[in-house]
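J.: Submitted below is the structure of interest, expressed as structure tokens.
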Amino acid sequence: MSDATRLTALRQEMAAKGYDAFLVPLADAHQGEYIAPCDKRLKWLTGFTGSAGMGLVRAHDAAIFVDGRYTVQVAREVDLKTFSHQHLHNNPPAKWLRANAGKGDRIAYDPWLHTPAQVKALEAEVTAVGAKLIAAEQNPIDTIWHDRPARPMADVIAYPEEMAGESAPERRQRIGKIVSDAGADRLVLSLPDNMAWLMNVRGGDVAYNPMPQGFIILAANGKADWFIDDTKLARARTDINLEGVTVHAPGTFLTTLADYANTHETIWIDGNWCPAICAQTVARAGGTVHDAPDPVLHAKALKNTAELSAMRAANARDSVAWVKFLHWLDANAASRANAGNPITELEAADAILGYRKEANQFMEPSFESISATDGNAALCHYAPTKDAQASVGADSTYLLDSGGQYLDGTTDTTRSVPIGKISDEYRDRYTRVLKGHIALAQLRFPKGTKGHHIDAVARIPLWQAGLDYDHGTGHGVGVCLNVHEGPQRIGKAVNDVELAAGMTITNEPGYYEADKFGIRIENLCEIVEGEDGFLELNDLTLVPIDTRPIDFSMLTKAEVDWLNAYHARVRAELMPQVNGADADWLTRATEPV
Numbered sequence: 010m011s012d013a014t015r016l017t018a019l020r021q022e023m024a025a026k027g028y029d030a031f032l033v034p035l036a037d038a039h040q041g042e043y044i045a046p047c048d049k050r051l052k053w054l055t056g057f058t059g060s061a062g063m064g065l066v067r068a069h070d071a072a073i074f075v076d077g078r079y080t081v082q083v084a085r086e087v088d089l090k091t092f093s094h095q096h097l098h099n100n101p102p103a104k105w106l107r108a109n110a111g112k113g114d115r116i117a118y119d120p121w122l123h124t125p126a127q128v129k130a131l132e133a134e135v136t137a138v139g140a141k142l143i144a145a146e147q148n149p150i151d152t153i154w155h156d157r158p159a160r161p162m163a164d165v166i167a168y169p170e171e172m173a174g175e176s177a178p179e180r181r182q183r184i185g186k187i188v189s190d191a192g193a194d195r196l197v198l199s200l201p202d203n204m205a206w207l208m209n210v211r212g213g214d215v216a217y218n219p220m221p222q223g224f225i226i227l228a229a230n231g232k233a234d235w236f237i238d239d240t241k242l243a244r245a246r247t248d249i250n251l252e253g254v255t256v257h258a259p260g261t262f263l264t265t266l267a268d269y270a271n272t273h274e275t276i277w278i279d280g281n282w283c284p285a286i287c288a289q290t291v292a293r294a295g296g297t298v299h300d301a302p303d304p305v306l307h308a309k310a311l312k313n314t315a316e317l318s319a320m321r322a323a324n325a326r327d328s329v330a331w332v333k334f335l336h337w338l339d340a341n342a343a344s345r346a347n348a349g350n351p352i353t354e355l356e357a358a359d360a361i362l363g364y365r366k367e368a369n370q371f372m373e374p375s376f377e378s379i380s381a382t383d384g385n386a387a388l389c390h391y392a393p394t395k396d397a398q399a400s401v402g403a404d405s406t407y408l409l410d411s412g413g414q415y416l417d418g419t420t421d422t423t424r425s426v427p428i429g430k431i432s433d434e435y436r437d438r439y440t441r442v443l444k445g446h447i448a449l450a451q452l453r454f455p456k457g458t459k460g461h462h463i464d465a466v467a468r469i470p471l472w473q474a475g476l477d478y479d480h481g482t483g484h485g486v487g488v489c490l491n492v493h494e495g496p497q498r499i500g501k502a503v504n505d506v507e508l509a510a511g512m513t514i515t516n517e518p519g520y521y522e523a524d525k526f527g528i529r530i531e532n533l534c535e536i537v538e539g540e541d542g543f544l545e546l547n548d549l550t551l552v553p554i555d556t557r558p559i560d561f562s563m564l565t566k567a568e569v570d571w572l573n574a575y576h577a578r579v580r581a582e583l584m585p586q587v588n589g590a591d592a593d594w595l596t597r598a599t600e601p602v
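Last residue of the sequence shown: 602 (the numbering used here), numbering continuous.
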């Protein structure tokens, strides 16, 4: 079925249901960053393969909303004669509907794919023009997508308690008490990483995310209803601690939720993450919705001693893979380019994956590697493909942002590397990014500090030159869970979450010059508490920072001292794990400057 045929079929289905418009988000019922093939409805309808977007279809027109990262990609993948290109943030669907919807229009959406907060924002704009927002009983795309892939059915595995540092029943009791203290009877969990953490399990339903999909209703007494296909549990059921847990078929989730609400219970639902249909079901059944952030988010962010120990071990092994990769890149990039057989971006991404596979407990990448040379690196979330990639030239720049999922932890690191000649502009920008990275790495801050309080620390060297970068400075990372984990973050936007000891956070300032180069230096860190109670960052990433592009006249003695101390630590901790030419390269890369 062609894209045009699919659009026609969708419009016919919409007409049969009496819908004047239908929203097609790039989302699943778990609001995942990565989604399974069966949930890629926007891709099926439009051909768009990016990681963020929304489609909107009406009888005589249609629009696709993407952010600035995908301006080029959307033009390449989508027929823009059929779908008008709109900016996801500057002119979001709600704003577009307010300008274009008519009085009496019925605007439909799938309540499994939108959160209550999203629905509220849409409803405000739609009702302002006299239109009506309709929750579709069935997604019309699912009706016409006849060869839709099956739902993922990866095996669930028990997560070792020695790595979790706490048994699953203990976790359920701990979170249950928070539910009780808030005056709620039950908590709905829809985020796979929160459920995996709570149950001490891992899975593989979606690429890069080692966790199973499903839903949980946790009672205030710590007992839980787990809605997951029993087939996923078959191989490890005896290893999973199911004390106080009743396993149900996924299709019974809403009826069970309604049964609890029918007794006038108060159900805790996170309006920013749960499917809207959960809150709607509770309200219809006579229950009360307690709308607040899922308490597992914060509990999971505060790693215990065992989790931090596991993360340190995983990141050390991943750093060894990086050393091997950077040695390989140094040894081959320029020589192969001069010989007419340059390293391609995909080859480089495959190379670090190969080195990771040599490490113990490696499972899969933690995200699609951003392997980018020259102008491609200026696209913050670029990913090469066989049909669209560049090669590393003899005089070029290269950026790799890459991470791994290990049983004992998740990693995320970025390094920027010059190949051959280094321009004065690149040297200046690289040094400013490094200065920002060091400033945050050296920072000590009091308890109660939030991410937006310290974001500027990493930007000041760039700001002094009238420069900036358009992404956050740091995000949380899970323990064999999501590589982007909340609720903590460092960025310009206000985030009302206090940074605390035990959290992990990245330190990743950058700079991007369109069509020329991109620079980012990223380490994963843990937040630790000093003797005086102040907090600081301790690096989990132990990968040499390239010193060749540095303009040392721009560094202070304190910054040089930090760099030398970091490299001394890298050498001391990694040298016992490498040998031969890799060890020689590590010695050179960590020489004091």
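The C-beta atom is built at its ideal place from N, Cα and C for all residues, glycine as well.
With DSSP as the reference, label Pro-585 as helix, strand or coil.
T.: Here residue 585 corresponds to residue number 576 of the sequence shown, with the count starting at 1. Residue state, collapsed to three classes: helix.
J.: Asn-385: which of Ala-368, Ser-375, Leu-355 and Gly-363 sits nearest, CA to CA?
T.: In the sequence shown, the residue the question calls residue 385 occupies position 376. The option with the nearest alpha carbon to Asn-385 is Leu-355.
J.: Would Arg-557 pass as an interface residue toward chain C - the criterion being a Cβ-Cβ separation below 8 Å?
T.: Protein chain content of the structure displayed is limited to a single chain, and chain C is not contained in it.
J.: How far does the beta strand (DSSP E) with Asn-532 in it reach, from first residue to last?
T.: For the purposes of this step, residue 532 is taken as residue 523 along the sequence shown, with counting starting at 1. Segment 532-538, the beta strand (DSSP E) holding Asn-532.
J.: Measure from the alpha carbon of Asp-383 to the alpha carbon of each residue in Ile-361, Ala-397 and Thr-406, then state which is nearest.
T.: What you label residue 383 is simply residue 374 of the sequence shown in a count that begins at 1. For the residues Ile-361, Ala-397 and Thr-406, the minimum Cα distance to Asp-383 belongs to Thr-406.
J.: With 16 as the cutoff for other CB atoms within 10 Å, does Gln-497 come out buried or exposed?
T.: Looking up residue 497 in the sequence shown gives position 488. Answer is buried; the Cβ neighbour count reaches 16.
J.: Can you tell me where the beta strand (DSSP E) with Lys-2 in it begins and where it stops?
T.: Because residue 2 is not part of the residues shown, which for the chain are 10 to 602, the question remains open.
J.: From Gly-253 to Lys-312, what distance separates their C-alpha atoms?
T.: The sequence position of residue 253 within the sequence shown is 244, counting from 1. The sequence position of residue 312 within the sequence shown is 303, counting from 1. If I take the Cα positions, the gap works out to 24 Å.
J.: Just mark Ala-392 as buried or exposed, buried being the case when its beta carbon has 16 or more other beta carbons within 10 Å.
T.: The residue given as residue 392 occupies position 383 in the sequence shown. Ala-392 is buried by the Cβ-count criterion.
J.: Ignore the nearest five residues each way along the sequence and tell me which others in Ile-78's own chain have a CB closer than 6 Å to its CB.
T.: By 1-based counting over the sequence shown, the position of residue 78 is 69. For clarity, residue 78 is Arg in the given sequence; the question names Ile instead. Cβ within range, chain order: His-390.
J.: Using only the alpha-carbon positions, how far apart do Asn-281 and Pro-585 sit?
T.: Here the question's residue 281 lines up with position 272 in the sequence shown. Here the question's residue 585 lines up with position 576 in the sequence shown. Cα to Cα, the separation comes out at about 46 Å.
J.: Can you tell me whether DSSP reads Glu-159 as helix, strand or coil?
T.: For the purposes of this step, residue 159 is taken as the residue at position 150 of the sequence shown. The amino acid occupying residue 159 in the given sequence is Ala; Glu does not appear at that position. Ala-159 falls in the coil class under three-state DSSP.
J.: Taking the alpha helix (DSSP H) that Asp-339 belongs to, which residues open and close that run?
T.: Sequence index remark: in the sequence shown, residue 339 carries index 330 (1-based). Residues 314-347.
J.: Going by C-alpha distance, which of Ser-199, Ile-184, Pro-178 and Ile-44 is nearest Ile-249?
T.: For the purposes of this step, residue 249 is taken as the residue at position 240 of the sequence shown. Residue Pro-178 is the option with its Cα nearest to Ile-249.
J.: Straight-line CA distance for Glu-170 to Pro-518?
T.: Within the sequence shown, residue 170 is the residue found at index 161, counting from 1. Within the sequence shown, residue 518 is the residue found at index 509, counting from 1. Approximately 35 Å, taken between the alpha carbons.
J.: Could you tell me which whole alpha helix (DSSP H) segments of length 4 or greater appear in the stretch 423-507?
T.: Correct list: 433-451 and 460-472.
J.: Let's test the definition: count the other Cβ atoms within 10 Å of the Cβ of Pro-149 and tell me whether it reaches 16, buried, or not, exposed.
T.: For the purposes of this step, residue 149 is identified with residue 140 of the sequence shown, where counting begins at 1. Pro-149 should be labelled buried.
J.: Apart from the five residues on each side of it in sequence, which residues of its chain come closer than 6 Å, Cβ to Cβ, to Arg-180?
T.: For the purposes of this step, residue 180 is taken as the residue at position 171 of the sequence shown. Taken in chain order, the residues that qualify are Leu-207.
J.: Would DSSP call Arg-519 helix, strand or coil?
T.: Taking the sequence shown and counting its residues from 1, the one referred to as residue 519 is at position 510. Rather than Arg, the amino acid found at residue 519 in this sequence is Gly. Here Gly-519 sits in strand by DSSP.
J.: Across the stretch 520-532 and the stretch 497-506, are there enough close Cβ pairs to call them in contact, namely three or more that are closer than 8 Å?
T.: Counting Cβ pairs under 8 Å, fewer than three are found: no touch.
J.: Between the Cα of Thr-261 and the Cα atoms of Cys-287, Thr-247, Ile-276 and Ala-245, which residue gives the shortest distance?
T.: What you label residue 261 is simply residue 252 of the sequence shown in a count that begins at 1. Among Cys-287, Thr-247, Ile-276 and Ala-245, the Cα nearest to that of Thr-261 belongs to Cys-287.
J.: Return the first residue and the last residue of the alpha helix (DSSP H) that Lys-7 is part of.
T.: Because the chain in this structure spans residues 10 to 602, residue 7 falls outside the shown range and cannot be described.
J.: Three or more C-beta pairs closer than 8 Å, one from the stretch 509-518 and one from the stretch 287-305: is that the case here?
T.: The stretch 509-518 vs the stretch 287-305: no contact.
J.: What's the call for Met-172, buried or exposed, on a 16-neighbour Cβ count within 10 Å?
T.: On the sequence shown, residue 172 is found 163 positions in, with the first residue counted as 1. Counting Cβ neighbours within 10 Å, Met-172 comes out buried, since at least 16 surround it.
J.: Classify Ile-469 as buried or exposed, calling it buried when 16 or more other Cβ atoms lie within 10 Å of its own Cβ.
T.: Your numbering for residue 469 matches position 460 in the sequence shown. Exposed.
J.: Suppose the cutoff is 7 Å on Cβ atoms and the five residues either side in sequence are ignored; what does the same chain contact list for Lys-459 look like?
T.: One-based indexing of the sequence shown puts residue 459 at position 450. Result list for Lys-459: Asn-504, Asp-505, Val-506, Glu-507 and Leu-508, in chain order.
J.: Could you spell out where the alpha helix (DSSP H) holding Gln-289 opens and where it closes?
T.: Here residue 289 refers to the residue found at position 280 when the sequence shown is read from its first residue. Run containing Gln-289: 285-293, per the alpha helix (DSSP H) assignment.
J.: Using a Cβ-Cβ cut-off of 6 Å (strictly less than) and excluding sequence neighbours within five positions of Asp-48, which residues of its own chain qualify?
T.: Position 39 of the sequence shown, counted from the first residue, corresponds to residue 48. Asp-37.
J.: Verify whether the separation of the beta carbon atoms of Ile-530 and Ser-425 is less than 8 Å.
T.: Taking the sequence shown and counting its residues from 1, one reaches residue 530 at position 521. Taking the sequence shown and counting its residues from 1, one reaches residue 425 at position 416. Yes.
J.: Return helix, strand or coil for Asp-37, following the three-state DSSP convention.
T.: Within the sequence shown, residue 37 is the residue found at index 28, counting from 1. Looking at Asp-37 - three-state DSSP - the assignment turns out to be coil, as it is neither helix nor strand.
J.: Would you report the Cα separation of Val-602 and Gly-402, rounded to the nearest angstrom?
T.: By one-based count along the sequence shown, residue 602 stands at place 593. By one-based count along the sequence shown, residue 402 stands at place 393. Their backbone Cα atoms lie some 27 Å apart in a straight line.
J.: Alpha carbon to alpha carbon, how far is Gly-212 from Ala-193?
T.: Position 203 of the sequence shown, counted from the start, is the residue given in the question as residue 212. Position 184 of the sequence shown, counted from the start, is the residue given in the question as residue 193. If I take the Cα positions, the gap works out to 29 Å.
J.: Please state if the CB of Met-372 and the CB of Val-488 are separated by a distance shorter than 8 Å.
T.: Walking along the sequence shown from the start, residue 488 turns up at place 479. Walking along the sequence shown from the start, residue 372 turns up at place 363. Cβ distance not < 8 Å, so Val-488 and Met-372 don't count as in contact.
J.: For Ile-447, which residues in the same chain have their Cβ closer than 6 Å to its Cβ, ignoring the five residues on either side in sequence?
T.: Sequence index remark: in the sequence shown, residue 447 carries index 438 (1-based). Closer than 6 Å at the Cβ level, and outside the excluded window around Ile-447, lie Glu-568 and Trp-571.
J.: What's the gap between the Cα of Pro-46 and the Cα of Pro-158?
T.: Position 37 of the sequence shown, counted from the first residue, corresponds to residue 46. Position 149 of the sequence shown, counted from the first residue, corresponds to residue 158. Cα to Cα, the separation comes out at about 6 Å.
J.: For the structure I just gave you, are there three or more beta carbon pairs, one from the stretch 60-72 and one from the stretch 97-106, closer than 8 Å?
T.: Yes: the two stretches touch, three or more of their Cβ pairs being nearer than 8 Å.
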